[in-house]
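Since the structure comes first, as structure tokens, the remarks are kept for the end.
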Amino acid sequence: MAMLQLRHYSCELEFEHPFTTAKGTKTHQPTFIVSLGLAGMYGYGEAPAISYYNITTADMVASLESKRTMIERYALTDPQRFWHFLHHLIPGQHFLTAALDIAGWDLFAQMRRMPLYKLLGLTWPPNIVTDYTIGLDEPAAMLHKLQQHPWPVYKIKCATPADVEKVALIRANTNARLRVDANEGWTIDDARKILPELARLGVELVEQPLHRDAWDEMKELKAISPLPLIADESCKTEDEVKKCAEAFHGINIKLTKCGGITPALRMIKEARTLGMRVMMGSMSESTVGTAAVAHMLPLLDDVDADGPLLLKEDVAEGLKYEEGKLLISGAPGLGIRFTGKRAANGFGG
């Protein structure tokens with residue numbers, strides 16, 4: 032039996048504008064790309080490195096190289112079994128597992144000669160648009176980003192109660208739908224004051240208002256909130272979904288944090304049984320990781336898949352945005368193709 036051909040590389044992708052949240056500012060997004068090749072076909076996956084999770088591309092390279100032989104000898108007959116193999120081979124390494132899992136699904140769908148969404152039994156097109164994220168900045172700069180990128184839905188990053196004024200400024204300059212992401216930045220007293228103000232401004236949901244471990248306070252806040260509250264940092268992996276149902280109205284799934292497409296599918300199923308709203312989010316992935324999210328759109332209520340829009344440079348093509356909607360290429364697998372110096376066989380070089 033032919034062995035899998037494993038390749039990888041790391042790079043830093045520059046943002047169009049410095050990207051600021053309650054957790055800090057980034058000018059570049061370090062990212063890790065993997066390729067799994069078989070019979071002339073190549074599946075691709077991506078895991079951005081996130082500093083506040085203490086994950087670096089160097090760590091992922093070292094872990095992957097230490098298990099290279101076992102991964103290359105794996106017989107890819109079912110992506111979900113491949114995930115379970117990885118789950119035991121590199122336990123707890125959700126970022127690396129996610130990149131490999133996405134690549135496995137991409138390759139397997141190509142082997143079946145169908146786009147990934149069809150392999151998942153889904154129908155295209157979905158009736159959903161992605162938001163465009165406006166990072167924290169001076170009010171004039173945030174307004175400039177809004178004007179640069181006309182969009183039907185915006186997600187606005189907030190960190191302090193004073194940032195409500197920035198949301199009000201944006202509302203005064205657009206009729207688009209608005210969402211707010213606090214990235215754990217508020218106290219419960221802050222949130223009690225802020226949420227009614229955001230509701231008056233027509234904000235439709237708020238992500239992660241309190242610290243990820245503030246479960247009792249989140250339950251209290253959920254009971255009085257005029258807006259849906261969506262768990263992000265509080266819902267990294269599938270074992271946290273049930274706990275989130277008591278404290279939030281919905282969850283924001285990140286493929287990188289949960290370990291890839293395979294666990295994300297289980298998280299969506301469980302959230303639905305619990306009556307929760309389901310969102311899938313971006314961690315500033317390039318087209319590679321964003322394409323994996325795009326193929327899952329029919330399963331979602333909301334999506335934040337704007338990574339390629341925020342980046343000044345990309346590594347691949349195969350996704351387009353049209354009035355907020357993500358358009359896939361329709362080619363087998365993720366339907367992406369590497370560009371520039373990475374364009375040839377399995378990245379080229």
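According to the working numbering, the stretch in the sequence shown is residues 32 to 380, in order.
Virtual Cβ for every residue (Gly too), placed ideally from N, Cα, C.
Strand pairing of residue i, partner residues [DSSP]
| i | result |
| --- | --- |
| V234 | L209 |
| A70 | Answer is none; A70 lacks a bridge partner. |
| F126 | DSSP output for F126 lists no bridge partner at all. |
| I187 | I165 and V211 |
| N283 | M310 |
| G361 | For G361, which the question treats as bridged, DSSP gives no partner whatsoever. |
| T87 | Partner(s): none; T87 has no beta bridge. |
| F139 | Answer is none; F139 lacks a bridge partner. |
| S41 | F63 |
| Q36 | G68 |
| A262 | I282 |
| E77 | I64 |
| T52 | G55 |
| K273 | According to DSSP, which records beta bridges pairwise, K273 is partnered with nothing at all. |
| K356 | E353 |
| R368 | E348 |
Residue of the options minimising C-alpha distance to residue i
| i | options | result |
| --- | --- | --- |
| E310 | V319, K300 and S82 | One point to set straight first is that residue 310 is Met, not Glu, in the sequence displayed. If we check each option's Cα against that of M310, K300 comes out closest. |
| F50 | L229, A172, S265 and E277 | A172 |
| I292 | Q60, E77, L252 and T87 | E77 |
| C266 | L232, I225 and M298 | M298 |
| P183 | H39, E353 and W136 | E353 |
| G364 | L342, G320 and P339 | G320 |
| A89 | I64, G68 and Y73 | I64 |
| A190 | V211, N206, H125 and D333 | V211 |
| A254 | I219, H115, K288 and L229 | I219 |
| Y73 | K54, I86 and R38 | R38 |
| T87 | M101, T62, G166 and R104 | T62 |
| A53 | K250, Q239 and R104 | Q239 |
| Y185 | A193, N206 and P157 | N206 |
| L258 | P227, E248, L286 and K285 | P227 |
| A213 | Q179, L177, K250 and L260 | L260 |
| G152 | H115, L330, T370 and A336 | L330 |
| R202 | P192, K149, L177 and D221 | L177 |
| I271 | S256, K149 and L305 | Here residue 271 is Glu; the residue named in the question, Ile, does not match the sequence. Nearest C-alpha to E271: L305. |
| P181 | L229, I165 and T154 | I165 |
Straight-line gap, residue i to residue j (C-alpha atoms, nearest Å)
| i | j | result |
| --- | --- | --- |
| G366 | L44 | 21 Å |
| R208 | V324 | 21 Å |
| Y163 | A140 | 29 Å |
| R143 | S66 | 18 Å |
| A302 | A276 | 8 Å |
| H119 | V195 | 45 Å |
| E169 | H48 | 12 Å |
| L358 | H326 | 10 Å |
| P146 | L200 | 42 Å |
| A362 | K351 | 13 Å |
| V237 | Q60 | 24 Å |
| D333 | R223 | 24 Å |
| R368 | G338 | 17 Å |
| W136 | K343 | 27 Å |
| I282 | A80 | 22 Å |
| R231 | W246 | 26 Å |
| L35 | H175 | 47 Å |
| S41 | V198 | 36 Å |
| R104 | K285 | 28 Å |
| G123 | A295 | 16 Å |
| L16 | D109 | The chain is shown from 32 up to 380; residue 16 falls before or after that span and cannot be answered. |
| G233 | W217 | 20 Å |
| P157 | L131 | 26 Å |
| A106 | Y75 | 17 Å |
| T318 | M101 | 28 Å |
| L340 | A322 | 13 Å |
| H115 | K149 | 22 Å |
| A6 | T370 | The structure shown does not extend to residue 6, since the chain is modelled only from 32 to 380, so the question has no answer here. |
| I187 | G71 | 43 Å |
| T56 | N85 | 16 Å |
| S82 | L241 | 20 Å |
| G380 | R112 | Any reading at G380 must be qualified, since the residue scores a pLDDT of 37, below 50, and its modelled position is unreliable; the value itself is stated next. Rounded to whole angstroms, G380 to R112 spans 30 Å at the Cα level. |
Anticipated Cβ contact below 8 Å, residue i with residue j, distance rounded
| i | j | result |
| --- | --- | --- |
| G290 | A129 | 5 Å |
| E215 | R243 | 6 Å |
| K288 | H125 | 6 Å |
| D345 | G312 | Not confirmed; about 18 Å, so no contact. |
| L69 | A93 | The Cβ separation is near 24 Å, so there is no contact. |
| F279 | M249 | 7 Å |
| L95 | L138 | That pair is no contact at about 16 Å. |
| A336 | T154 | Contact doesn't hold; Cβ gap of about 18 Å is too wide. |
| P192 | I159 | No, P192 and I159 are not in contact; Cβ-Cβ is about 31 Å, not under 8 Å. |
| I133 | K98 | In fact, because the Cβ distance is near 17 Å, the residues do not count as touching under 8 Å. |
Within-7 Å CB hit, residue i to chain C
| i | result |
| --- | --- |
| I261 | The displayed structure is made up of one protein chain only, and chain C is not part of it. |
- Item | Every unbroken beta strand (DSSP E) within the region 146–180, with a cutoff of 3 residues, ordered by chain | 163–165
- Where in the region 96–127 do unbroken runs of the beta strand (DSSP E), each at least 3 residues long, occur, reported from the N-terminal end onward? none
- Along the chain, which unbroken stretches of the alpha helix (DSSP H) at least 4 residues long are found entirely within the region 304–353? 318–325 and 338–341
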